[in-house]
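Numbering (my numbering), first residue to last: 27 to 793.
Have a look at this one:
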């Protein structure tokens with residue numbers, strides 16, 4: 027019977043449809059029947075699998091027990107053989123055979139006889155001395171090898187070949203030999219790289235080791251087949267063809283072989299176990315038909331009836347409840363909005379409305395994705411240039427871009443200098459092409475959970491901003507950065523450019539990538555000057571995260587804003603924590619060094635002040651004391667005193683700056699002359715002027731160009747270091763901001779008339 031449900035008018039037509047409830051009920055019932063039926067089938071299947079797995083595990087456990095027990099017995103026999111061999115009478119007759127006496131011979135034979143009587147595994151025992159070709163037997167005789175009744179000694183020379191299955195890879199391993207239908211254990215006095223001077227031989231009873239090691243008539247089942255590491259049968263002279271074929275399959279995969287089940291055909295199942303001690307493989311075949319388990323038909327019928335009953339109940343409940351939300355959704359739609367979509371019924375209407383909304387959302391997402399790179403590039407450029415917006419503005423921008431970074435992501439910057447292989451200055455067009463290629467390279471070679479954004483800076487530089495997951499460990503990040511740099515270096519043979527890189531440190535906030543960029547530039551300058559094989563002493567060229575960064579930044583900011591009392595209070599809080607670590611027996615040296623590194627890096631990265639020579643020497647002395655760990659309490663007081671001097675210097679340098687732009691630029695140059703990347707563009711950013719206007723203003727006020735003034739400041743600083751220090755000329759050039767030795771020599775000689783070395787010699791002579 028068909029039911030018609032009356033609904034509100036849509037587009038001037040009455041919505042009617044046949045019983046959705048019945049249709050939904052039938053659909054749900056069919057789906058549930060398949061689901062529950064499949065689930066029941068899965069349960070039966072898993073039950074059969076569990077039964078099969080338990081049976082297989084039982085066989086494997088038995089096989090493993092057999093192998094362990096067999097090898098343990100053989101090891102015990104080997105130990106007994108070694109102890110016997112190194113007995114006084116045995117070693118004497120093998121080493122100094124000429125001193126053999128009747129009593130000695132009698133003692134050896136009696137000991138061999140005693141071994142046979144005491145052991146259930148040993149049928150006969152022999153001592154073979156090849157130097158005399160004599161055999162001492164537990165059968166109470168001592169004869170020449172060719173006169174003994176045992177067939178083993180018919181070819182006595184073969185005993186000296188060390189051939190047979192070895193119990194281990196040791197040089198003096200026990201050797202198992204098969205001869206004339208018997209199994210023998212051979213233990214040489216010395217390992218196989220020396221000539222044998224004697225060996226102890228046991229003829230063993232295999233059935234006493236384990237009955238499963240013996241053939242089970244014509245059937246291959248019920249027998250444990252053992253193969254040594256070379257693929258040879260250990261206890262049987264020959265094995266059936268099927269067993270040999272299965273063993274060959276196992277040895278083909280011997281690298282990953284431990285234990286398991288091999289199903290090579292429908293008739294047989296092969297259980298195998300590889301001993302980790304000897305490398306032997308134990309193989310046990312069994313009929314595959316014994317592992318086929320099927321559920322009873324009655325059990326299946328009862329399960330089907332239960333499935334049908336519960337399927338009907340659940341389908342009725344779902345259909346009843348599912349129809350109600352549809353009507354409620356239609357009531358929520360305003361009447362004026364219903365004319366926008368033509369539909370046959372409410373389900374069709376909701377479906378079309380959903381697709382329409384989805385399309386609109388997808389278009390919006392596509393628009394956001396299309397502008398995301400541009401917005402991020404602009405945001406990154408502002409932050410790297412020191413025009414960083416407020417933290418709230420950054421978060422608002424990222425949220426508008428649908429949060430491109432994972433929650434809690436950490437950031438770092440790699441500074442890249444792009445150079446032409448031809449040595450010529452790279453053009454703007456070439457730079458653009460190289461940037462595109464580097465972006466593709468970064469996208470393909472960075473780990474999937476890393477995000478990388480390449481931003482072009484002042485030619486020929488670019489900045490690669492990397493975002494890491496919050497859970498990524500620092501050591502893992504360093505390894506990934508090294509691997510990325512290695513790949514980039516390897517592909518330089520296929521490109522028209524080459525790249526030099528420096529890595530900044532890792533920070534928790536996106537706003538702090540400014541510091542990472544400055545650190546990366548500093549490291550790049552060092553690499554460009556010294557080369558990658560001469561890293562700066564005490565400085566890692568790999569990124570790391572300083573956990574005192576945020577506290578150090580607050581202290582520097584307070585000192586720069588003339589809030590010295592607040593800065594001292596924060597410093598007291600940190601040093602008091604370090605003092606507590608000393609009292610509790612911990613060594614705070616690592617934390618002290620990390621805090622000092624953060625404080626000094628921030629003063630230089632923010633261009634707040636350039637640490638003078640006095641403070642540099644104090645810092646080096648402090649670091650030496652931190653490394654030695656002497657007198658921790660006094661060390662913390664000295665760290666605090668050093669930090670107070672640094673904060674006072676920061677406050678003094680930032681207290682009364684001239685309002686004139688040129689004076690500010692002069693102070694900026696004197697503070698940052700050691701930065702080889704110092705440029706007119708960077709100076710213009712500090713005072714908010716255009717580079718061209720600042721250049722004209724500076725030359726007008728100072729009577730010299732910006733570049734010439736920087737060169738003169740650097741030369742004066744270099745002259746001071748040449749006079750007052752023992753630093754190498756190369757180190758002085760680097761510390762005063764010159765980007766190459768050639769440039770340093772050229773400018774120094776241009777301004778002084780002599781080379782740096784000659785200047786130092788002249789100053790020393792005048793003293």
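We put the CB at the ideal spot given by N, CA and C, even for glycine.
Same chain only: Cβ atoms within 7 Å of residue i, ignoring 5 sequence neighbours per side
| i | result |
| --- | --- |
| residue 580 | 596 |
| residue 790 | none |
| residue 719 | none |
| residue 514 | 467, 525 |
| residue 566 | Because residue 566 carries a pLDDT of 49, less than 50, the predicted location of this residue cannot be relied on, and the following value inherits that uncertainty. Excluding residues within five positions, none has a Cβ falling inside 7 Å. |
| residue 38 | In this prediction, residue 38 scores a pLDDT of 36, lower than 50, which makes its location untrustworthy; no coordinate-derived value is stated. |
| residue 120 | 155, 215, 223, 224 |
| residue 277 | 257 |
| residue 394 | 427, 428 |
| residue 773 | 737, 741 |
Residue burial classification, residue i (beta-carbon count within 10 angstroms, cutoff 16)
| i | result |
| --- | --- |
| residue 454 | exposed |
| residue 604 | buried |
| residue 724 | buried |
| residue 310 | buried |
| residue 543 | buried |
| residue 683 | Confidence at residue 683 is low in this model, with a pLDDT of 39, below 50, so the placement of that residue is unreliable and no value is reported for it. |
| residue 528 | buried |
| residue 279 | exposed |
| residue 387 | exposed |
| residue 548 | buried |
| residue 849 | One cannot answer for residue 849 here, as it falls past the ends of the chain, which runs 27 to 793. |
| residue 304 | buried |
| residue 733 | exposed |
| residue 698 | buried |
Neighbourhood of residue i by C-beta distance below 8 Å, restricted to the same chain and skipping five residues each side
| i | result |
| --- | --- |
| residue 306 | 93, 97, 191, 252, 253, 254, 255, 260, 300 |
| residue 333 | 59, 62, 63, 66 |
| residue 406 | 479, 481, 489, 491, 539 |
| residue 473 | 506 |
| residue 559 | Any answer about residue 559 is weak, because its pLDDT of 44 lies below 50 and its placement is not dependable; what the coordinates show is given next. Closer than 8 Å at the Cβ level, and outside the excluded window around residue 559, lies no residue. |
| residue 130 | 115, 118, 119 |
| residue 150 | 142, 163, 164, 165, 176, 228, 229 |
Which listed residue (the options) has its alpha carbon closest to that of residue i
| i | options | result |
| --- | --- | --- |
| residue 329 | 516, 70, 623 | 70 |
| residue 286 | 197, 90, 673, 368 | 90 |
| residue 531 | 733, 504, 79 | 504 |
| residue 173 | 108, 736, 159 | 159 |
| residue 602 | 665, 342, 548, 626 | 665 |
| residue 536 | 418, 448, 462 | 418 |
| residue 551 | 51, 691, 713, 704 | 704 |
| residue 726 | 687, 751, 749 | 687 |
| residue 412 | 448, 484, 711, 546 | 711 |
| residue 77 | 182, 316, 749, 517 | 316 |
| residue 486 | 275, 444, 512 | 444 |
| residue 546 | 169, 512, 410, 621 | 410 |
Residues that residue i bridges to, as DSSP identifies them
| i | result |
| --- | --- |
| residue 210 | 203, 229 |
| residue 296 | 288, 311 |
| residue 528 | 441 |
| residue 251 | 309 |
| residue 493 | 437, 477 |
| residue 169 | 161 |
| residue 488 | 442, 482 |
| residue 523 | 446 |
| residue 192 | 201 |
| residue 259 | 253 |
Residue range of the beta strand (DSSP E) that includes residue i
| i | result |
| --- | --- |
| residue 4 | Nothing can be reported for residue 4, as the shown portion of the chain is limited to 27 through 793. |
| residue 148 | 148-155 |
Other residues of its chain near residue i: CB distance less than 6 Å, five sequence neighbours each side excluded
| i | result |
| --- | --- |
| residue 777 | 741 |
| residue 177 | 206 |
| residue 674 | none |
| residue 624 | 572, 574, 575, 578 |
| residue 208 | 229 |
| residue 182 | 171 |
| residue 34 | Low per-residue confidence applies at residue 34: pLDDT is 40, beneath 50, and the placement is therefore not dependable, though the value from the model is reported in the following sentence. Correct list: empty, nothing qualifies. |
N-terminal and C-terminal residue of the alpha helix (DSSP H) that residue i is part of
| i | result |
| --- | --- |
| residue 538 | Looking at the DSSP string, residue 538 is not in any alpha helix (DSSP H), and its letter there is neither H nor E. |
| residue 451 | Taken as a continuous stretch (DSSP letters only), residue 451 belongs to no alpha helix (DSSP H), as it is neither H nor E. |
| residue 783 | 782-792 |
| residue 507 | 500-516 |
| residue 582 | 575-586 |
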